[in-house]
Amino acid sequence: MKIYHVSAECYPIAKVGGLADVVGSLPKYQKSSTIVSQVVMPFYNNDFRRNNKFSVLHESKITIGDSDFECRILTLKNNNLGFDLFLVDVPKLLFKDFVYSNNDTIRFLAFQIGFLDWMLTQNEKPSIIHCHDHHTGLIPFMMTQSYKYQSLKNIPTVLTIHNAQYQGWFSHDIINVIPEFNFAKVGLLDWGGVINPLAAAIKCAWRVTTVSPSYMEELKIKANGLENLLNHESKKCVGILNGIDTEVWNPENDSYIVKNYKSSTIQSGKKTNKKWLCKHFNLDEKKPMVAFIGRLVGEKGSDLFPVSFRNILKEKSCTILLLGSGHKEIEDELKALKPNFIREYNVFIGYDEKLSHIIYAGADFLLMPSRVEPCGLNQMYSLRYGTVPIVRNVGGLKDTITDIDQIGGFGICHERTTVQQIVDAVGRSIKLFNDDPKFKKIRKKIMSIDHSWSASANEYIKLYKSLK
Ligand code: ADP
Ligand code: GLC
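Quick note on numbering: the sequence shown equals residues 228 to 695 in the numbering used here.
Here it is as structure tokens:
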């Protein structure tokens, strides 16, 4: 069985968030003697391009509307990623030093057309084409409706929705950019009067998955306008919980962190990492450290951080460290708070993979008061590093974290994304920190919770097999 995962992100090639982590790990864990699982993504002008060598597999011209563009399919020389990688190089459109911008319709269409044109030239057709998010959402439509791809129409397609907030909308005015199809089928592209690539994929893919079971249920009630569609298509939809790459995220041999540790050495291991963070960010190492890592957007509840942090630090004894970037106003407000809370609060605005690992290792608690969280990987990384997650009961957070007041519980959960509930949840975490025997026991316990891909990778394989 030959599977192509098609995605805009894949770790370590290009990462903005969790999509990259999933596409960079799931294929490794799907690989077996009978399964070849490979990744196709755009060729960006980034560090991965600068630090690696590539060979050209295929060269052609792709047509988008009235324009032709040079297109090459590249593969990586000396590949040790654990899966085969193919890169769609459309120099004029995709070869940029960023992954996303405000104007991506034609860029990602070029990616999808470049991939499908290449598939037409393959003697051995894939067994499954697995599309991730709206950037690849037109593939199932084009494979079944565009005249030029008719030879691909019997290949099963799977769409995974990592985040239904973003749908890739564009106007019917530029519909001619989509390779010609029977216009009677235009309704498959449309949702609410505009072309909606995510909706088109939900309609046209053979199966639709979301990245946690709870998120699937939540989407049927609230999906940024797609709830009716998801209810209508519910028979082909299923929620499969993401796993984590336990080779990349392993405190025992993580080369990014200051001191490696395992469950038997957790106290000294975490202490050394915390010490480094406190020194680096001028924080009081005796106090419990609550950290946040992520995108500063409404979905993560980050607009409530400035007020919540102010209230927490006025009332309670802890430190707060934040690593993230996103809305400029939130970034500015968070930075402006610094002088008020010396040795208690710091922020690093930006993206830093190494620092994120040290924070998972050194912090005592990880805060995730998300309004929407399709799966969330941070809480699973935090468990693996013995850092107690503080989460809102939503989506994948609900499926992975049990509150300490429940039988067998190990995290701090709250029901709503409000300032008061964030402040109270942090209050509960400080109480836990001060109950030393209980805190130590929970830290050890969470390190052994298994969120590896083994179970979920198999669920995907079963799903693929059901389509043959
Ligand atoms: P999302 O994909 O919605 O942003 P996830 O929890 O699925 O959320 O995954 C986020 C991933 O991105 C994690 O690997 C997290 O460590 C990483 N990440 C987010 N923001 C940053 C940042 N500023 N610096 C480094 N890593 C980050
Ligand atoms: C999205 C979601 C996040 C999920 C990730 C990987 O970015 O926001 O919750 O963990 O995709 O599936």
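No residue lacks a Cβ here, since even glycine has one placed at the ideal position from N, Cα and C.
For residue i, count neighbouring C-beta atoms within 10 Å of its own C-beta (all shown protein chains included) and say buried if the count is 16 or more, exposed if not.
i: A563; result: exposed
i: A432; result: buried
i: L694; result: exposed
i: E600; result: buried
i: A411; result: exposed
i: N455; result: exposed
i: L284; result: exposed
i: N390; result: buried
i: D662; result: exposed
i: I355; result: buried
i: F325; result: exposed
i: N605; result: buried
i: Y374; result: exposed
i: E542; result: exposed
i: N500; result: buried
i: H459; result: exposed
i: V615; result: buried
i: D316; result: buried
Going by Cα to Cα distance, which pick from the options is closest to residue i?
i: N350; options: K255, S378, E580; result: S378
i: L336; options: D472, Y488, I366; result: I366
i: I405; options: R537, K463, G341; result: G341
i: N272; options: P318, Y612, T332; result: P318
i: V267; options: A590, Y231, G245; result: Y231
i: K502; options: V485, P478, N455; result: V485
i: T363; options: L343, G525, I688; result: L343
i: E445; options: F532, D559, C602; result: C602
i: E170; options: L582, S535, F508; result: As shown, the chain starts at 228 and ends at 695. That puts residue 170 outside it, with no answer to give.
i: H361; options: P383, M370, V646, Y393; result: Y393
i: Y700; options: E474, I493, H357, H554; result: The requested residue 700 is not part of the displayed model; the chain covers only 228 to 695.
i: P515; options: G638, H507, N403, V653; result: V653
i: D311; options: S252, N330, F575, P478; result: S252
i: I631; options: G622, I429, V618; result: V618
i: R598; options: R434, V524, L453, I262; result: V524
i: I669; options: G452, V621, S609; result: S609
i: K400; options: K380, G414, L386, V421; result: In the sequence as displayed, the identity of residue 400 is Asp instead of Lys. Taking only the C-alpha atoms, the option nearest D400 is V421.
i: G636; options: K447, T627, F296, R643; result: T627
i: A427; options: T302, L386, S461; result: L386
i: G701; options: H359, Q372, I289; result: Lying before the first or after the last residue shown, residue 701 is absent from the chain, which here runs from 228 to 695.
According to DSSP, which residues form a beta bridge with residue i?
i: T261; result: According to DSSP, T261 bridges with nothing at all.
i: I289; result: F296
i: K229; result: V263
i: H641; result: R619
i: R434; result: V385
i: R537; result: Its beta-bridge partners do not exist; DSSP assigns none.
i: F408; result: S373
i: V315; result: P269, I300
i: D417; result: I422
i: N573; result: L548
i: C358; result: V233, L386
i: D630; result: G638
i: F322; result: Partner(s): none; F322 has no beta bridge.
i: F592; result: V517, V615
i: I471; result: S679
i: G466; result: T437
i: G553; result: L523
i: A241; result: C237
i: S693; result: In DSSP, S693 forms no bridge with anything.
i: V249; result: Answer is none; V249 lacks a bridge partner.
i: S282; result: T302
i: F397; result: I422
i: L510; result: R570
Can you determine whether any heavy atom of ligand 2 sits closer than 6 angstroms to the C-beta of residue i, and answer yes or no?
i: L246; result: yes
i: P424; result: no
i: E445; result: no
i: P440; result: no
i: C602; result: yes
i: V421; result: no
i: H361; result: no
i: N469; result: yes
i: H389; result: yes
For ligand 1, is there a heavy atom less than 6 angstroms away from the beta-carbon of residue i?
i: S583; result: yes
i: R522; result: yes
i: L504; result: no
i: Y578; result: yes
i: N605; result: yes
i: G551; result: yes
Does ligand 3 have a heavy atom nearer than 6 angstroms to the CB of residue i?
i: V250; result: As presented, the structure is devoid of ligand 3, carrying ligand 1 and ligand 2 as its sole ligands.
Sufficient close CB pairs (3 or more, under 8 angstroms) joining the region 518 to 532 to the region 582 to 590 = yes
Would you be able to state if there are at least three C-beta pairs under 8 angstroms between the region 461 to 473 and the region 437 to 452?
-> yes
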